[in-house]
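If you're matching positions, the sequence shown starts at 86 in my numbering and goes up one per residue. Ideal placement from N, C-alpha and C gives every residue a C-beta, glycine not left out. To start, the structure itself, in structure tokens.
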Amino acid sequence: MKMTLDWASRLNARLRLLVSVVVAAIAYWLPVPKMQALTHTLVAWEAGVFCFLLLAWVIIVSTDPDGVRRNAQAQDESATAIFVLVICAACASLFAVALLLVGSEPGRGSLLGVDVALTVFSVFESWLLVHTAFALHYAHGYYRNPAGVDALGDGLDFPGEKRPEYLDFAYFSFVIGMTSQVSDVAITSRSIRRLALIHGLISFVFNTIILASSVNVVAGLLG
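Listed below in structure tokens is the structure:
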């Protein structure tokens, strides 16, 4: 059974967000010559998101089922606010990517390699951030039941598994993210069903934007 790292177990949603914001701020204020403001902002965003994802996935892969329950039940209402903030920030980053593509200087002939790299990496990070945030929030919703720390969760029915790990919630989340539909995991509560509906709609928008961005990048490289 997996054991949660001591330092990782103390990283609640607020602390992960705070550390990530600090990393993004440091990246933003580092002097980078001859870099446009929008490009610099995207680099800072990517640094902060990378930090957030790293901290989140350390917890996801190292926490056993009992730790998942404890962590999820320990989250307060601020976790929901942070979840909404993260999703909105990820969606907003796509507009910044669009501005970078549209605002590419005509005199450069085509998109520079740095523009392509920033576009691809920003979209991928935002996509990964959204579905990671949903995975953690599904775990929070699953164990929101106030019956006590030993109570089993509800809202999702994992085949053959009554004590899911974070990776089980990640599986459920990323299947929705890639297909905009649920997997073999059954939804058994109204609150999770509504959350999955929102998740599916956001996933559809993200996947559409990813396709459009890919076409734009290819056109820029060929043009």
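Which of the three DSSP states is assigned to residue i in this structure?
| i | result |
| --- | --- |
| residue 242 | strand |
| residue 105 | helix |
Taking C-alpha atoms, which residue in the options lies nearest to residue i?
| i | options | result |
| --- | --- | --- |
| residue 207 | 108, 124, 104 and 96 | 124 |
| residue 267 | 251, 290, 294 and 243 | 243 |
| residue 156 | 130, 170, 168 and 221 | 221 |
| residue 102 | 168, 205, 143 and 240 | 168 |
| residue 310 | 225, 265 and 275 | Beyond the ends of the chain as shown, which are 86 and 308, falls residue 310; an answer cannot be given. |
| residue 261 | 212, 296 and 273 | 212 |
| residue 145 | 265, 256, 182 and 126 | 256 |
| residue 204 | 265, 297 and 160 | 297 |
| residue 210 | 96, 291 and 122 | 291 |
| residue 240 | 275, 100 and 263 | 275 |
| residue 107 | 116, 122, 96 and 136 | 136 |
Between residue i and residue j, what straight-line distance do the alpha-carbon atoms span, to the nearest angstrom?
| i | j | result |
| --- | --- | --- |
| residue 229 | residue 109 | 31 Å |
| residue 246 | residue 278 | 19 Å |
| residue 289 | residue 214 | 15 Å |
| residue 177 | residue 171 | 10 Å |
| residue 138 | residue 98 | 12 Å |
| residue 199 | residue 118 | 14 Å |
| residue 111 | residue 129 | 8 Å |
Just to confirm my understanding: we take residue i, look at its own chain, exclude 5 residues before and 5 after, and list those with CB closer than 6 Å. What are they?
| i | result |
| --- | --- |
| residue 141 | 217 |
| residue 294 | 179 |
| residue 271 | 242 |
| residue 134 | 210 and 214 |
Does the beta-carbon of residue i have 16 or more other beta-carbons within 10 angstroms, so that it is buried, or is it exposed?
| i | result |
| --- | --- |
| residue 258 | buried |
| residue 173 | exposed |
| residue 132 | buried |
Can you find a CB in chain B that lies within less than 8 Å of the CB of residue i?
| i | result |
| --- | --- |
| residue 135 | The chain inventory of the structure shown lacks chain B, comprising one protein chain alone. |
Take residue i and list the residues in its own chain whose beta-carbon comes closer than 7 Å to its own, dropping the five residues that flank it on each side.
| i | result |
| --- | --- |
| residue 219 | 258 and 284 |
| residue 269 | 244 |
Near residue i, what residues of its chain come up, given a Cβ to Cβ distance below 8 Å and the 5 sequence neighbours on each side ignored?
| i | result |
| --- | --- |
| residue 281 | 261, 267 and 272 |
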